[in-house]
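Per numbering that gives the first Met the number 0, residue 0 is the first one in the sequence shown, and the count goes up by one each step. Ideal Cβ positions, reconstructed from N, Cα and C, are used throughout, including at glycine. This report concerns only the one structure given below.
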Amino acid sequence: MRVVIVTESFPPDVNGVAHCALQTARHLVDRGHHPVVVAPAPAPGNKPDASAPCRVVHVPSLPLPGYPQVRVALPSRRLAATLVEHRADVVHLASPFVLGVRGMAAAARLGVPAVAVYQTDLAGYARTYMGAGEAAAWRRIRSVHGAADLTLAPSSAALNDLETHQVPRVKLWPRGVDTERFRPDRRDEALRRELAPNGELIVGYVGRLAPEKHVELLAGVCGLEGVRVVIVGDGPSRPGLEQALPGAVFLGRRTGDDLARVFASLDVFAHTGPFETFCQTVQEAMASGLPVVAPAAGGPLDLVAHGHTGLLVPPHDAVAVRDAVRSLAADPGLRAAFGAAGRATVEGRTWAAVGDQLIGHYANVLAGRRTVVAA
Numbered sequence: 000m001r002v003v004i005v006t007e008s009f010p011p012d013v014n015g016v017a018h019c020a021l022q023t024a025r026h027l028v029d030r031g032h033h034p035v036v037v038a039p040a041p042a043p044g045n046k047p048d049a050s051a052p053c054r055v056v057h058v059p060s061l062p063l064p065g066y067p068q069v070r071v072a073l074p075s076r077r078l079a080a081t082l083v084e085h086r087a088d089v090v091h092l093a094s095p096f097v098l099g100v101r102g103m104a105a106a107a108r109l110g111v112p113a114v115a116v117y118q119t120d121l122a123g124y125a126r127t128y129m130g131a132g133e134a135a136a137w138r139r140i141r142s143v144h145g146a147a148d149l150t151l152a153p154s155s156a157a158l159n160d161l162e163t164h165q166v167p168r169v170k171l172w173p174r175g176v177d178t179e180r181f182r183p184d185r186r187d188e189a190l191r192r193e194l195a196p197n198g199e200l201i202v203g204y205v206g207r208l209a210p211e212k213h214v215e216l217l218a219g220v221c222g223l224e225g226v227r228v229v230i231v232g233d234g235p236s237r238p239g240l241e242q243a244l245p246g247a248v249f250l251g252r253r254t255g256d257d258l259a260r261v262f263a264s265l266d267v268f269a270h271t272g273p274f275e276t277f278c279q280t281v282q283e284a285m286a287s288g289l290p291v292v293a294p295a296a297g298g299p300l301d302l303v304a305h306g307h308t309g310l311l312v313p314p315h316d317a318v319a320v321r322d323a324v325r326s327l328a329a330d331p332g333l334r335a336a337f338g339a340a341g342r343a344t345v346e347g348r349t350w351a352a353v354g355d356q357l358i359g360h361y362a363n364v365l366a367g368r369r370t371v372v373a374a
């Protein structure tokens, strides 16, 4: 198959959309297919990812006002030209919002099937950043995804949200995790001594530092005796969080094997964002053998088995987060049991396995189009 992946973000960006698009491209190449990626150009001074497995076409972009780490694609003829030049069999739209909407329109004009991957809770972001606008966000989601031949939801909660808001033709497609990179034996005692010189229990958060992630909910955890909070990631909320989380260690952005070493060196992983359509960092923590504390909302509902691989807590509840961490801190045996169960749970969730599922979805969409034409 000849696939054009139109994505709102791609490495060197570090986020779930960029990572999933990269893994999708890699798997397609590994299976003998022919992808090309269309993505916003990275910020000046940020070199494109040399590890990309296929050609990447960059369209001009500008930073999102107030959030310069996010690039927004400008109108460009390169997108449609790439679909024509590549002779696309299918267009893969990764979290379509701006560039993806143009990709959908171009695919429709050319008669190319489109598969849209839902990855971003725009309605939740609207509530966070504007205090309103949820209904308008769902109207846009319905408009964009309703034009696709198929929408793929990453979790049961996301699928239910889409169906509740009348988005048609939705199926489940989860995310894979690199169980070779993220694994318990990467634990680094020297790093642990550096992060917690007095032998504290290390509780970590990994992800963007932005308002919708509600990392400030870890403030109570910072006040627990014998606990050290470690924050991995960057974003516009970092200055405020450095004030709100006294004693926390901020490591900035980490990637690759360095990130895997940090994950495995934690004792507990705590995620606080209530708007996750999947939550890849929870899977990476589980692959690293960590017990997880996460909100009982969105993607974590599929990933965390409460009382077996971690603890689910009410969203936005700082006291519940603190108490869950305190209970794990007091019980090393429970932490070990949760961590081992988490690792066992994700061992079959490789990118190869979910990538093959994706190829199956492409094939079904193409078969459906052929059936319609034949009729």
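- Scanning the segment 207-282 from its first residue to its last, the whole alpha helix (DSSP H) runs of 4-plus residues come out as 218-221, 237-243, 255-263.
- Taking 3 residues as the minimum length, the beta strand (DSSP E) runs contained wholly in the segment 2-66 are 33-39, 55-58, 60-63, in order along the chain.
- In the three-state scheme derived from DSSP, where H, G and I count as helix and E and B as strand, Thr-150 is classed as strand.
- Here His-91 is buried, its C-beta having at least 16 other C-beta atoms within 10 Å.
- Counting along the chain, Leu-78 sits inside the alpha helix (DSSP H) bounded by residues 77-85.
- Where Ala-296 is concerned, there is no enclosing alpha helix (DSSP H), because DSSP gives it neither an H nor an E.
- For Tyr-204, the beta-bridge partners assigned by DSSP are Ile-230.
- At a cut-off of 4 residues, the continuous stretches assigned as alpha helix (DSSP H) that sit fully inside the segment 302-354 are 317-328, 331-345.
- CA-to-CA, the gap between Gly-341 and Thr-308 works out to about 5 angstroms.
- Contact annotation: the segment 207-221 touches the segment 230-241, with at least three C-beta pairs closer than 8 angstroms.
- By alpha-carbon distance to Thr-254, the top candidate from Thr-23, His-18, Pro-95, Leu-217 is His-18.
- In this structure, the alpha-carbon of Val-169 lies about 47 angstroms from that of Glu-193.
- For Val-100, the three-state secondary structure derived from DSSP is helix.
- In the three-state reduction of the DSSP assignment, Arg-180 falls in the coil class.
- His-91 sits in a strand when the DSSP states are folded into three classes.
- In terms of CA proximity to Asp-120, Ala-134 leads the group Ala-104, Ala-134, Ala-247.
- Assigned with DSSP and collapsed to three states, Leu-109 falls in helix.
- Under the three-state reduction of DSSP output, Gln-68 falls in the strand class.
- Within 10 angstroms of the beta-carbon of Gln-118 lie 16 or more other beta-carbons, which makes it buried.
- Gln-165 is classed as exposed because its beta carbon has fewer than 16 other beta carbons within 10 Å across all chains shown.
- By the 16-neighbour rule on beta-carbons within 10 angstroms, Ser-326 is exposed.
- A residue is called buried when at least 16 other Cβ atoms come within 10 angstroms of its Cβ; Lys-212 meets this threshold and is buried.
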